[in-house]
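Under mature numbering (1 follows the signal peptide of the UniProt record, and there is no 0), the residues of the sequence shown are numbered -20 to -1, 1 to 113, in order.
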Amino acid sequence: MKQWLVIVMSVAFFSGCSMSFNYNFWSQKAPETPAPTVVTEAKIALPSTVLMYDLDITDRPYTSLGEVSVTLTKLNPWGEEPTQAEAEAKLKDEAVKKGADALIYVRYTKLGASWNRLSGIEGKAQAVKFTRY
């Protein structure tokens, strides 16, 4: 009697583990490629053209585009410590993505160890676009 009970329980337990196959996979058509887009005008801004200021700009009018921030971390003890120059380059890249001419109120903060990093550096700035050159 115990043997039948074990067999019935085993069948009931393993009956939910069935494999299913998608037989329609082989008959599907490949997706069509989209038509190429034509770019008529490309505006390229280099990160080296973005100006950086520790304080506010008083001699030129500007419009604020929002805050830009980057975080560089050292994840293991053998990696190199992130530098302020690397954080500055990343800040300039983010400013170019927003279309900024300059960064004001640039500040850097050293980050200590936490559960997901060994150390790091964080850079924050306000991205601005000059209204008049």
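The beta-carbon is built from N, C-alpha and C at its ideal position, and this holds for glycine as well. Just so it is clear, the structure is predicted and the values come from calculations on it, not from any experiment.
Check whether residue i and residue j have beta carbons under 8 Å apart
i	j	result
I101	K109	no
V48	L83	yes
A107	Y88	no
L45	A80	yes
Residue burial classification, residue i (beta-carbon count within 10 angstroms, cutoff 16)
i	result
K(-19)	exposed
G103	buried
A105	buried
Reference residue i, options the options, closest by Cα
i	options	result
I37	P16, E60 and Y85	Y85
K54	W(-17), S(-11), R97 and L(-16)	R97
S28	M(-12), G92, K72 and G59	K72
L52	G92, P16, T43 and V18	G92
Bridge-paired residues (DSSP) for residue i
i	result
G46	A107
Proximal residues to residue i (C-beta, below 6 Å), its chain only, five neighbours per side dropped
i	result
E61	K54
K70	V50
A75	V30, V48, L83 and A107
F41	First, the residue type needs correcting, since residue 41 is Pro and not Phe in the sequence shown. Correct list, in chain order: T111 and R112.
Y33	I84
Cβ neighbours of residue i in the same chain (closer than 7 Å, five flanking residues each side left out)
i	result
N56	L98
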